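At the far end of the sequence shown sits residue 212, using this note's numbering, and the numbering has no gaps.
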Amino acid sequence: MKKILYNSLLIAILFLFMPVVYTAHAGSLSFSPSTSSVGLGSNFSVNINIDAGSDQVSGTDVWIDYDASALEVQSVTSGTYFPLVNNVPSTGRLYISGVVANQAEYETGSGTVATVVFHTLQTGTYNLTFECDLAATETSKIVKNDENATNVISCNALTNHTATITGAGTTTTTQTTTTTTNSGTLPESGVVENVIQYSTWGILLFAAGVVLRVVAGSL
């Protein structure tokens, strides 16, 4: 009887570690506002918002493309959705990550991940675009709070921000909040989901070891 119980627990643990095959992509990222009309040599700010849909999420990777000949990142300020936010700007590309403070925590609903201030360099109409490719690793993601760190972002739901820059200068918008710091080098792809996934597997393996030890001791 004890041997049957031991085998049943072992099978249950193996099923626990099996990956989920079906993934529903319901989360999205958005720019707010969706358009800006600014003068040459001015600053404008854009919020990076997240909508988790019906999921509980632990983190996000945000990759934004922009025309470096027309726009320049001035600052990136943490939003209120995730407690830990970091950013790494590079020419024509901006990486932002947001993550919960503890592995057991999660966020739901919608909110602001970060606010980005851009400076205009030349006139014209230009887009801010989220990079999103479910087959890629270095891409925007919304990480579900599960053992697989499932990416639940819906690439089809993402829209651009359009900035129209005119020749007439306007008053520069300033930000008084503190800009997040960074090392100045691009992170390893999928850093948010890797941290969450490794932590989750560690907890599950520890729990499995405890269960097997208890059962083995009773045999």
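Glycine included, every Cβ here is placed at the ideal spot set by N, Cα and C. Only a predicted model underlies this, so the values are computations on that prediction, with no experimental measurement involved.
Skipping 5 residues on each side, what residues in its chain have a beta carbon closer than 8 Å to that of residue i?
{"i": "residue 61", "result": "84, 85"}
{"i": "residue 166", "result": "Bear in mind that a pLDDT of 42 at residue 166, under 50, signals an unreliable position, so the number given afterwards is only what the model happens to contain. 35, 36, 37, 38, 110, listed in sequence order."}
{"i": "residue 31", "result": "37, 113, 156, 157, 158, 159, 163"}
{"i": "residue 145", "result": "16, 17, 18, 19, 20, 45, 46, 48, 50, 135, 136, 137"}
{"i": "residue 126", "result": "132, 148"}
Skipping 5 residues on each side, what residues in its chain have a beta carbon closer than 7 Å to that of residue i?
{"i": "residue 65", "result": "111, 112, 114"}
{"i": "residue 74", "result": "43, 91, 100, 104, 105, 106"}
{"i": "residue 67", "result": "36, 110, 111, 112"}
{"i": "residue 102", "result": "45"}
Across which residues does DSSP place residue i in a beta bridge pair?
{"i": "residue 119", "result": "156"}
{"i": "residue 79", "result": "90"}
{"i": "residue 110", "result": "38, 68"}
{"i": "residue 25", "result": "40"}
{"i": "residue 103", "result": "44"}
{"i": "residue 53", "result": "91, 135"}
{"i": "residue 30", "result": "157"}
{"i": "residue 149", "result": "DSSP lists no partner for residue 149."}
{"i": "residue 144", "result": "136"}
{"i": "residue 126", "result": "Partner(s): none; residue 126 has no beta bridge."}
{"i": "residue 58", "result": "86, 122"}
Can you tell me the Cβ-Cβ gap for residue i and residue j, rounded? I've got them flagged as a contact below 8 Å.
{"i": "residue 57", "j": "residue 122", "result": "7 Å"}
{"i": "residue 158", "j": "residue 116", "result": "5 Å"}
{"i": "residue 28", "j": "residue 154", "result": "7 Å"}
{"i": "residue 55", "j": "residue 133", "result": "5 Å"}
For residue i, I'd like the list of residues in its chain whose CB is within less than 6 Å of its CB, leaving aside the five on either flank, ordered along the chain.
{"i": "residue 23", "result": "42"}
{"i": "residue 25", "result": "40, 42"}
{"i": "residue 76", "result": "94"}
{"i": "residue 150", "result": "21"}
{"i": "residue 161", "result": "32"}
{"i": "residue 82", "result": "66"}
{"i": "residue 152", "result": "none"}
{"i": "residue 118", "result": "157"}
{"i": "residue 120", "result": "153, 155"}
### Query
So does the segment 24 to 39 actually touch the segment 89 to 104, counting three or more Cβ pairs closer than 8 Å?
no
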